[in-house]
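In my numbering, the protein residues as written are 167 to 414.
Structure, rendered in C-alpha cells:
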C-alpha cells in the first residue's frame, strides 16, 4: 500500500497502514520517536481526503495539546494561527516526505475546498465532527477528562487516531506519568478489557525507528527507565504478532 508516496518500511508500519485504512472508529499508534506514527497517519488522511473526495472523509483535522517541551516560553504573541502554528510544525514537516503540495485554499477558512484544519484541543469541546479523519498527536499528554471529551466528539463516518509515545510525557508534576491518571492509558486499557471493545478500535505499537541510527540509539539507551512498566505492557499488546520484539 502507498499513500501520498509513503509506503511501509517494516512490518509494524505495514500493520499501521492497514488499521489506518479500515473502518473502525478509533485507532491507536504507540511507539518511540522516529517510528513514523505522524508521517503514516498524515499520509493516509491526506490521500483519502485529497485523492478520494467521494469517500466518507471530507477533511483532515490535526490537533494536539499545546504543551511546550522543557522550560515554558510563556505567552506566544500573534493571532489564532500564530499561536497554533508552532505546535503543528511536526505535522507540516512530513509534507516534504509525501507527494503532496498544500494548496492555499485547502487551509483557508470559509472555503468549500478546506480539507485540512489545525485546531487547538481547547477548541474541540462541544463539537460534533462527522466525515473527518481526526489526528490527536502527543496523546500521552492527555488527562482522563480531556481524552474523554475528545473521543466523544466523534460523529458519523469519522475516524479518530491517537498518536503517542509514553516515554515523552510532558508533565512537570509527573501526574500523567502515573497510569492511574493518564488518559490515554486508561482509555486504551479499558477498550482492551471491556467485552465488545475490539469492534471499536485497533492498536499497533511501532518499534523500528526509521529516523536515523543515532536517534534509534538514544531512544534505546534512554527509554526504559523513563517509562512506567505498566505503560510498556500496554504498548506490547499492540506489537504485530508475527515478530514480537522490543525497542530495548
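A virtual CB, placed ideally from N, CA and C, is assigned to each residue, including glycine.
Assigned exposure category for residue i - 16 Cβ within 10 Å defines buried
{"i": "residue 366", "result": "exposed"}
{"i": "residue 389", "result": "buried"}
{"i": "residue 287", "result": "buried"}
{"i": "residue 306", "result": "buried"}
{"i": "residue 178", "result": "buried"}
{"i": "residue 218", "result": "exposed"}
{"i": "residue 322", "result": "exposed"}
{"i": "residue 292", "result": "exposed"}
{"i": "residue 189", "result": "exposed"}
{"i": "residue 387", "result": "exposed"}
{"i": "residue 167", "result": "exposed"}
{"i": "residue 403", "result": "exposed"}
{"i": "residue 196", "result": "buried"}
Through-space distance from residue j to residue i, alpha-carbon basis
{"i": "residue 318", "j": "residue 311", "result": "11 Å"}
{"i": "residue 337", "j": "residue 260", "result": "26 Å"}
{"i": "residue 479", "j": "residue 357", "result": "Because the chain in this structure spans residues 167 to 414, residue 479 falls outside the shown range and cannot be described."}
{"i": "residue 201", "j": "residue 207", "result": "12 Å"}
{"i": "residue 216", "j": "residue 226", "result": "9 Å"}
{"i": "residue 332", "j": "residue 371", "result": "11 Å"}
{"i": "residue 374", "j": "residue 176", "result": "7 Å"}
{"i": "residue 399", "j": "residue 223", "result": "33 Å"}
{"i": "residue 314", "j": "residue 173", "result": "32 Å"}
Residues bridged to residue i (per DSSP)
{"i": "residue 325", "result": "299"}
{"i": "residue 225", "result": "298"}
{"i": "residue 283", "result": "227"}
{"i": "residue 320", "result": "295"}
Backbone secondary structure at residue i - three-state DSSP
{"i": "residue 351", "result": "helix"}
{"i": "residue 172", "result": "strand"}
{"i": "residue 371", "result": "strand"}
{"i": "residue 196", "result": "strand"}
{"i": "residue 182", "result": "helix"}
{"i": "residue 230", "result": "strand"}
{"i": "residue 309", "result": "strand"}
{"i": "residue 393", "result": "coil"}
{"i": "residue 358", "result": "helix"}
{"i": "residue 264", "result": "coil"}
{"i": "residue 404", "result": "coil"}
{"i": "residue 190", "result": "coil"}
{"i": "residue 385", "result": "helix"}
{"i": "residue 220", "result": "coil"}
N-terminal and C-terminal residue of the alpha helix (DSSP H) that residue i is part of
{"i": "residue 333", "result": "Element bounds for residue 333: n/a, residue is neither H nor E."}
{"i": "residue 343", "result": "Neither: residue 343 is in no alpha helix (DSSP H) and is coded neither H nor E."}
{"i": "residue 217", "result": "203–217"}
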